[in-house]
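Only one structure is covered here, and it is reproduced in the block below.
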Amino acid sequence: MIEHPCIKDGWFREVSDKYFPGQAFTLRVEKVLYHEKTEFQDVLVFKSTDYGNVLVLDGIIQVSERDEFAYQEMISHIPLYAHKSPKKILVIGGGDGGVLREVVKHSCVTDATLVEIDPTVIELSKKYLPNMACSFNNPKVNVKLCDGFKFLRDVAASGAKYDVIITDSSDPEGPAEAFFQKEYFELLYKALNDDGIVIAQASENVWLNLNYLKTLLETARSVFPVSEYCYTMLPTYTSGQLGLIACCKNPNTNIVQPSRVPTESEQANMRYYNNKIHSAAFVLPTWARKSLNP
Ligand code: SAM
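Under UniProt numbering, think of the first position of the sequence shown as 1, with each following residue one higher.
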């Protein structure tokens with residue numbers, strides 16, 4: 001059996017000393033499929049007894065086969081259905097391919113570029129997460145293997161623009177650190193068309209770290225005229241939910257209200273997203289609303 005410091009007595013244990021040291025999440029391991037320290041991060045893939053194959057980066061669960069759709073659909077379809085006509089899409093991170101799978105479901109999308117720093121994640125996902133990594137060969141898709149922050153800096157300098165940018169990154173401790181800072185939001189703003197929308201995984205939720213989210217949202221609001229917190233629910237992210245920050249360049253864009261609804265055939269291909277949950281995802285419990293939307 002391949003050994004890993006997060007696996008003991010047949011259980012994988014996710015512990016975050018930095019953000020919430022008194023809480024941990026565990027999954028029973030059937031088999032460890034792969035472990036490597038790449039140039040960028042510690043990469044683990046294991047088969048769990050109840051959640052299918054699970055991808056872990058630097059000790060933090062990124063996706064499980066059982067519940068990944070709740071994340072991929074919401075981070076993709078909230079900005080894509082809020083936008084009237086999204087054509088050019090940029091995905092930063094996202095090497096498991098799940099967001100790409102959702103993006104190319106939109107027939108109006110003509111061009112989807114994915115920028116992933118670690119080629120190992122893409123290769124492992126093709127092998128162990130085939131239902132996620134199923135769109136890399138789609139003719140609309142273009143993959144760049146480089147640092148997403150540097151890529152965006154070049155895009156902003158070149159004047160190229162996107163309709164929707166999705167930051168599907170790992171958490172701030174590691175190669176994704178720059179995605180949670182003001183300079184990144186400024187680059188996102190520059191790289192968007194006038195009606196452009198961005199969304200980023202916030203790495204936290206209101207139960208875990210409300211102050212962190214408040215600061216992140218304030219950073220986004222110092223750059224974008226519209227920035228809102230919303231969330232998706234899935235068991236394998238700590239506390240069963242993950243926050244997303246959605247920002248619009250046009251002050252008149254209503255991110256809470258989809259401007260398009262899925263066609264019947266698009267909806268038949270989705271398991272979590274619908275136009276009601278799009279709006280509901282922005283509704284916060286009172287104590288969190290008072291802090292994030294005072
Ligand atoms: N759904 C996950 C979550 O929030 O837990 C995130 C998906 S995971 C596939 C995130 C990806 O971002 C990883 O493959 C990682 O290699 C990539 N990544 C991290 N830092 C990056 C950077 N600076 N540039 C591009 N990709 C990066």
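Glycine is no exception: its CB is placed at the ideal position from the N, C-alpha and C atoms.
Cα-Cα separation, residue i to residue j
i	j	result
residue 10	residue 203	27 Å
residue 155	residue 179	15 Å
residue 12	residue 74	26 Å
residue 232	residue 2	33 Å
residue 22	residue 159	46 Å
residue 219	residue 141	31 Å
residue 279	residue 200	17 Å
residue 36	residue 44	7 Å
residue 20	residue 61	15 Å
residue 7	residue 123	23 Å
residue 173	residue 276	34 Å
residue 198	residue 189	8 Å
residue 54	residue 26	12 Å
residue 4	residue 42	10 Å
residue 270	residue 244	19 Å
residue 157	residue 186	12 Å
residue 285	residue 89	32 Å
residue 63	residue 242	12 Å
residue 272	residue 72	9 Å
residue 221	residue 247	8 Å
Presumed contact (8 Å Cβ cut-off) between residue i and residue j, rounded CB distance
i	j	result
residue 138	residue 163	The pair is not a contact, with the Cβ atoms about 17 Å apart (cut-off 8 Å).
residue 135	residue 95	At roughly 12 Å, the Cβ-Cβ gap does not stay under 8 Å, so residue 135 and residue 95 are not in contact.
residue 253	residue 226	6 Å
residue 249	residue 195	7 Å
residue 258	residue 81	4 Å
residue 213	residue 206	7 Å
residue 24	residue 234	Not really, about 17 Å apart at Cβ, beyond 8 Å.
residue 51	residue 236	6 Å
residue 143	residue 116	7 Å
residue 230	residue 288	In fact, because the Cβ distance is near 11 Å, the residues do not count as touching under 8 Å.
residue 91	residue 114	4 Å
residue 150	residue 191	Their Cβ separation, rounded to whole angstroms, is 13 Å, which puts residue 150 and residue 191 out of contact at 8 Å.
Exposure label - residue i; buried when at least 16 CB within 10 Å
i	result
residue 93	buried
residue 132	buried
residue 228	buried
residue 240	exposed
residue 283	exposed
residue 101	buried
residue 145	exposed
residue 181	exposed
residue 267	exposed
residue 293	exposed
residue 313	Past the boundaries of the shown model lies residue 313; the chain is included only from 1 to 294, so the question cannot be answered.
residue 118	buried
residue 85	exposed
residue 176	buried
residue 68	buried
residue 183	exposed
residue 17	exposed
residue 167	buried
residue 49	exposed
Beta carbon proximity, residue i to chain D, threshold 7 Å
i	result
residue 140	Looking for chain D here will not work: only one protein chain is present.
Are the stretch 254-273 and the stretch 77-85 in contact at 8 Å, needing three or more beta carbon pairs? yes
For the stretch 18-32 against the stretch 95-115, are there 3 or more C-beta pairs whose distance is under 8 Å? no
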